[in-house]
Each structure stands twice: as C-alpha cells, then as structure tokens.
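Residue 480 in the working numbering sits at position 167 of the sequence shown, and the numbers go up by one each step.
The beta carbon of each residue, even a glycine, is placed where N, CA and C say it ideally should be.
Here the structure is a predicted model, which means the values were calculated and not measured.
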Amino acid sequence: MNKSVAIYEPLYAKDQALADPEFIPLVRAENARPEWREFGILVDMYRNKVHLRHDFTGLFSPKFNLKAKISGARFLEFVRTQANAGVCFINPFPQIAYWSYNVWMQGEHAHPGLTHAAQELIDACKLGWKLGETPRHDSRYLAYSNFWVGSQQFWERYVGGVLVPIAEFLESEPTHVAARNVMEETSHTDPAPFLPFIIERLFSTFVSTHADTNTVAYPLTHEQIKGYCNNDFERLLLDRMRARIDAADSGHAFGSDLIEQMDTVCALWQQHFFDYYALRAHPHTMNVVTRG
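So this is what it looks like as structure tokens:
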C-alpha cells in the first residue's frame, strides 16, 4: 500500500533544529498551556485538520530517538509496511509490561492518586469508561510517550472522540473539581501535573478496549527489550519475571495471585526508581526526580 505517513516534531525555541531529519517541523512559537504537553498539540492539530493532510499522522517529541532507540526512518518504514493497520506505535518502556498489569497499575505507583483523578475527569467528560475494568496491557497495547501514528479514521475516533472532549471540558470548566485535580503536581524528573500522564495512558486504554482499531505494535525481541532497561535493577526484574508473564500472556491467564505479585513488584520497582533517580540524573531528562 502506497500511503503517505507524516510524523510531526514540535519545535519550541527560535533556533531549535529537528532532532530527527525524517520528521516534519511543527513550530510552537506560543504555547499557551505548556502543562498540557503533547495533549494540547494533538488537540490543536485535530482542530486545524493537520491529520487530514496525510493518510497517517503522528506527533513525536524531540526525545523520540533517545527513548525509542530507533531512527525516524526505520519507524516510518515499519508503518508503511502495515497495510491493514489503523494505528501503529512503538513503546519505549517495554520492560514495564513484566511487572505492571496495565498502564494504570504502574501509573498509580508512579503518581499516587492518578487513577482517581483520571476517573473523575472521564466521568466529568461523560466518556463512559471504567478504569478499574481496563484489561491486561501486553506488548500489543502497552504504550508510553505518545509515539503512535494513526489513520484519519483513528484520529477522528481517538483524538476527536476522546481527547477533544477532554480539552473542551478543561477549557470551559477550569474550576470544576475534576479539572482542578488533574492539574495537581506529581512526582517526575520535570515539574508536571497529573494531566499529561493521564492522557498518555488513555491511548493504551482506548486501543485495548477497541479491537477494531487494528493496532500494530513495533516488534521487539527479548534481547531488545533488555536493552531498554535503564539500570541493573530493571534487568534483574525482567530476568526474574519474564517466563511467568510470557506464559500468562500466551494463555491469557492472569489470576489474582499473579496480578498481586505484579503489583508488589511494580511498587518495589517504583520505589527504587524514586530512590535511585533522586541521586542520579535520569537518562531521558538528565534531571533528578522531584517528589510531588
């Protein structure tokens, strides 16, 4: 299939150069809501009909190469080979699937109170989702960092049907308790509220509950997944958890005992993350963690 694929990279500074030469510059001279991060840009792109200029469109941060460990050219080539895909993505944190049942388990340990704030927002926007019923996120669905490229139809369904209503609610009712709560500060290597971390997790939540989106993940071998680990502790957890989690994913057999074990391991991993990067710069941001 000869389809046009465009990945835009936001440029925030006057003399900022593209981090990946295959991407299209998207100049953001004025950023009225920097705390919204990519969420605000995706909504603006939809409103300005940028997603209608090509068959498939995405928005990747300048940290794509650093996080994803592949070139933009390689990812674009992958997308063009997926004839029946509605959306393609690459997950720069594939190791997390081995100690977190889904994005909300990890999100709650990383940002306590995130799930409640997200559910309040979803309820206020009348999206009808129950986050407690979110299914397992294995490699088919687990995605962080918004590295996805979707068809025009996917943009209509996901950005137009989910992200835009959230933006409209936040714009029209900023004093609503749900709107205020998602803007509470949380722990991260850069100052940030709950909102961008909620939005990031909505992608996996959406595609895992909408099978007809024809979602295709960039494939990674076990050895490649180990290469995404950022420290020895992550590599240790991956080695110890991999066989059991792979077997459970293969048989779609996640009992309560295994989910509880994953929750415990995820909590330990997250505490190690806080402690380890409180004293060391994180390789993706070169900053230490600040606790919200």
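What does DSSP give as the partner residue(s) for residue i in the beta ladder?
i	result
residue 369	318 and 464
residue 337	321
residue 530	402
residue 505	499
Do you know whose CA, among the options, lies nearest residue i's CA?
i	options	result
residue 318	366, 576 and 493	366
residue 558	373, 375 and 452	452
residue 462	395, 496 and 429	395
residue 499	425, 393 and 524	425
residue 427	492, 449 and 448	492
residue 322	429, 362, 447 and 332	332
residue 377	351, 602, 362 and 560	351
residue 509	327, 346, 362 and 336	346
residue 390	316, 361, 430 and 551	316
residue 598	379, 460, 473 and 533	379
residue 524	369, 430, 342 and 454	454
residue 447	327, 565 and 518	518
residue 529	460, 474, 476 and 592	460
residue 364	383, 392, 562 and 473	473
residue 520	573, 586, 470 and 602	470
residue 421	584, 561 and 489	584
residue 406	560, 564 and 544	544
residue 516	564, 401, 482 and 393	401
Assuming residue i contacts residue j under a Cβ cut-off of 8 Å, what Cβ separation, rounded to an integer in Å, is found between them?
i	j	result
residue 381	residue 403	5 Å
residue 412	residue 579	5 Å
residue 531	residue 388	7 Å
residue 320	residue 385	6 Å
residue 548	residue 539	6 Å
residue 490	residue 440	That pair is no contact at about 17 Å.
What first and last residue would you give for the alpha helix (DSSP H) that runs through residue i?
i	result
residue 590	569-592
residue 437	427-437
residue 479	477-485
residue 383	Unbroken run through residue 383: none, as it is neither H nor E.
residue 537	535-541
residue 547	545-564
residue 359	351-360
residue 419	416-423
residue 494	490-494
I'd like to confirm something about residue i: is its beta-carbon nearer than 7 Å to some heavy atom of the ligand HEM, or not?
i	result
residue 543	Of the ligands one can find in the structure shown there are none, so the ligand HEM has no counterpart to examine.
Does the beta-carbon distance from residue i to residue j come in below 8 Å?
i	j	result
residue 478	residue 438	yes
residue 419	residue 435	no
residue 449	residue 373	no
residue 513	residue 589	no
residue 468	residue 444	no
residue 356	residue 556	no
residue 348	residue 487	no
residue 297	residue 494	Nothing can be reported for residue 297, as the shown portion of the chain is limited to 314 through 605.
residue 533	residue 582	no
residue 368	residue 485	no
residue 414	residue 575	yes
residue 423	residue 511	no
residue 587	residue 602	yes
residue 338	residue 324	yes
residue 397	residue 527	yes
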